[in-house]
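The opening position of the sequence shown corresponds to residue 121 in this note's numbering, with each subsequent residue numbered one higher. The block underneath contains the structure these notes are about, expressed in structure tokens.
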Amino acid sequence: MSVEKYIKIKHKNEKSRGIDSLNNYISNPEKVTFSDEKSSISSLSEYMERDEKIFYEEDNRLLVTEINCSDKEFVKYAHYLEKSYHAKKSERLNEGHFANDVFHFISSYKGKDYDPEIIHQAGVELCEALCEEEFIGKITTHLDTENIHNHIAICAYAIDKNHKFKDSYHLYKRVKELSKDISLRYGLDFEIKGIGERKNWTEILEDKVAKKDIVSFTKEVKNDIRECALSSNNIEDMKKKMEEKGYKIIENKRGKSTSFTYVRGDITVSDYRLGKKYMREGLEYLIEKNVKIKEKKYLLNKINQSKVQHSSKINLAGIYIQKYDVTGKRIPALLQLLNLIKEIISRIGDSFVELSLAEEIVKDTAMASSKSKLELLNFAISTCLKHGINTQGDIDDRIFKAGLTKAVSSRESEKLYTLIDKMENILQQYEKQKTAEKLLISLGINPEKISRNVYSPEDIKKNIASLDPLEFRKKKQIMSILSGSEYRILKENLNNLSNTDAKDILLFLQGKTAVRPPVLISRQEYERKSNEEIFLKRANEYFEKLHKKQHDEAITKKQAYTLNNLLSSEDQSKVKVHELRKDEANRLLNILLETPISNNKGIKDNVALTKWEMETLRLIVKLYPDNFQAIDISKVHKKEANNIIQHYFGKVDTIFQDIVQRNMGVKSEDLINPGLDGKLQHFTKEEKRIVYPYKNIKDLTLKYGLQTEEDVIRFKARVETLEKEARELQEIANSNAELYRDLSRTNTALSLATNKAFIFGSLFTGDTQEFQNISKSLDSLPLDYLIEFKESLPELAKKLRESYDSGIYNPYATRRIQKLKEIAQGELADKLKNCPKKELPELMESPVFRKELDKFISNKKEEYERMQVETIQEMNYKDNKENDLKLYKAFFRR
């Protein structure tokens, strides 16, 4: 492992901004690094956990691991350790110096095709070696660039809260040594002192500098494994052959799977490092595939040995294929061809089939018996009739659609069952909580007196959504449809959506349901709420500036007098007017004063309004239009403008409630439990065994909004709804899986319909000209496709337009257009080729295109009918010639 650098993240002030900056740097979606407004631990953690960076598609998971702390608790625990340490000790730093909050190590492997999982595990091992049992750490692997690299964050404050991570002169050297040892074990490159370029681990083992002078041991192991696997019939046989080559194979059980470690001499290599192809599953697939190939070769050799030349001619005279059914409806060319093959096989039978190999021949192949072939053809014909399949393009589309529906439904049902398991686990925790509460009461402990976290409704929504997080693909799909619709979603609601919510939204936006999800609002409402959000943000900025400017000053006599006149006696006692600060008094006056425009005693100032004042006034007019019907804001003077702004800021100000709560002695720490604090120290050891687990369970249930029995009933109803939806999806997946199997078998019959060995038998070597002539007399398959395309033209144009408008790919429509481009010729082909994608629906609906298509179909019909006439004439000529020859021979015999 190569450690490129390490960064010491600093503690800049009492708000631990070093920690928050780090968290933003690791996880922030906007990639904000080291912001002064957020602590460094939070910034770095957010940057490290960006999904697009750490999502490993091959294993469908995120490459994130935390050391000595539970999942996603690194930032919270790091803040707690930092505060606990500074509560006991002082850093005693010189002026201008800052304490280290976090050590951030970065290691990269540029230009090497390594398995990301290996790089991540190597990073985890390094992080564990540095943290031991004293410190907490976090490791993420970023995959979004060609330079796969690890980010390792180690909190500088020890778990015991009494000492810190030692930042010595030799720290970098120590980390490099640890990194080198780990890299050697995992087969990763690392830097050697005194050498400009990196050396491969095999070069170090062989003590050679030139890479070309040595043979990679890993490559040698791969070659030996492949050689043994290709000559084996099963995995046990392969292991024996590897042992004969001098390898010792160690089996390691990892849950349900088994991994192999290969040892030869002093060198050890695991299949994990060799790659997935060389793991047990990959080797079993390779062996099975090779065994099938060998069996097929064996059968072909045996058939070739039995094959003889047959000079006798096959008699296909009298075979007639109907082109119309009893109702007069034309039978599709596809079914005509299948009926022809069926008639031929029925007539020939097993004359050219090696029946001695019947037991070894796989079903539905060209070497099968006539009985098996007829069974396959009958199945294909019945499937085509059942599902209305008329062309090869039709069956290809249906196979694709059935396979896609099966895969999507199966994946969605699996996700729902995973979500259901999570929600059922939360309900089980709620039941445990009720049991624990009864036990606490029996011990004389009031559960309500135990401190806990407080979650707002928005927090609860976000937590529930995190159980089933919204996929980026669905989010993009929603935003694409919304851009062309009359509905909008607020940003905070969009961030709190789950996959299930997204599905309901998409169904409504696509017109498949009439029930509008509550998160969808009209454009006008969206604009109003967006303006309210902007206005609230401006108000908070104003309150913060006022606090900095006036909070150090006491309330003036004039302010106190006015407030006493405006407040009731009860409110005066709650607020304690004479203890207020100047900024608090001003904010209270803004709330209590009725008129926004004060009496300026006729004095009109000529000072121009600032850009901020003008924009805020316009925002107020948009939010309160009825109050400004008689006021022209372009003529409002500066003092009047400020009075208006302050008055309407007062409408969203919560200063009155904040002051009352402060005077009542309610503190934030009484409402919110910061976590591992010392508030429960008065409990006995036995009581703590119940209280601490109860706190954790209670926090979990509150996190997901389970506070009352009604909440639990709603939560259970949601689980039942999801279970029903999951069952429906699974049924859809099962039915499409069955349809996919039927269509695939039908497609196999169609692909074999032009195979000489399937039609006549694997031993037949005679002439097939008579069969070809009969085939030419049937209707044309491409012509059928063109006729079907013409009939489905309006629906196809509609689907294409929807696809381009919504940005959602429609495989059915795209495949049909592509097939037409392959068949089309002349002017029709030129029009399709030169037409831009988004103009295709208009082209297909235009009379000119229909005329060209009709002309092309008409030409194809004439061409095919001419070919059929020529074929029939040729067949009649041959029959007449054969009859003349028979008469000639009979004449000479007489």
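Glycine residues also receive a C-beta, built at the ideal position from the N, C-alpha and C atoms.
Beta-carbon proximity list for residue i, same chain, < 6 Å, skipping 5 on both sides
i           : result
residue 135 : Interpretation of residue 135 is limited by its pLDDT of 42, a score under 50 that renders its predicted location unreliable; no figure is taken from the coordinates.
residue 848 : none
residue 345 : 398
residue 728 : none
residue 543 : 839
residue 780 : 694
Alpha carbon of residue i to alpha carbon of residue j, nearest angstrom
i           : j           : result
residue 503 : residue 863 : 7 Å
residue 616 : residue 358 : 52 Å
residue 707 : residue 850 : 59 Å
residue 128 : residue 221 : 7 Å
residue 500 : residue 941 : 28 Å
residue 498 : residue 490 : 12 Å
residue 866 : residue 588 : 39 Å
residue 885 : residue 468 : 14 Å
residue 965 : residue 977 : 17 Å
residue 153 : residue 685 : For residue 153, the pLDDT reaches just 31, beneath the cut-off of 50, and the residue's location in the model is therefore unreliable, although a value from the coordinates is still provided. About 51 Å.
residue 983 : residue 904 : 14 Å
residue 271 : residue 185 : 11 Å
residue 540 : residue 583 : 15 Å
residue 628 : residue 555 : 43 Å
Assigned exposure category for residue i - 16 Cβ within 10 Å defines buried
i            : result
residue 292  : exposed
residue 938  : exposed
residue 974  : exposed
residue 238  : buried
residue 473  : buried
residue 585  : buried
residue 633  : exposed
residue 825  : buried
residue 241  : buried
residue 513  : buried
residue 452  : buried
residue 385  : exposed
residue 202  : buried
residue 681  : exposed
residue 961  : buried
residue 784  : exposed
residue 621  : buried
residue 488  : buried
residue 696  : exposed
residue 1017 : Lying outside 121 to 1014, the shown extent of the chain, residue 1017 is not represented and no answer is given.
residue 592  : exposed
residue 771  : exposed
residue 749  : exposed
residue 396  : exposed
residue 509  : buried
Spatial neighbours of residue i in its chain, beta-carbon cut-off 7 Å, leaving aside the 5 residues before and after
i           : result
residue 599 : none
residue 859 : 522
Beta-carbon gap between residue i and residue j smaller than 9 Å
i           : j           : result
residue 769 : residue 636 : no
residue 814 : residue 547 : no
residue 198 : residue 275 : yes
residue 188 : residue 243 : no
residue 737 : residue 711 : no
residue 441 : residue 408 : no
residue 229 : residue 268 : yes
residue 204 : residue 281 : yes
residue 683 : residue 709 : yes
residue 818 : residue 580 : no
residue 648 : residue 743 : yes
residue 273 : residue 217 : no
residue 878 : residue 439 : no
Close beta carbons around residue i, own chain, < 8 Å, minus the five adjacent residues each side
i           : result
residue 933 : 916, 919, 920 and 923
residue 834 : none
Paired residues, beta bridge with residue i - DSSP
i           : result
residue 257 : 187 and 274
residue 607 : 642
residue 372 : 379
residue 674 : 701
residue 128 : 223
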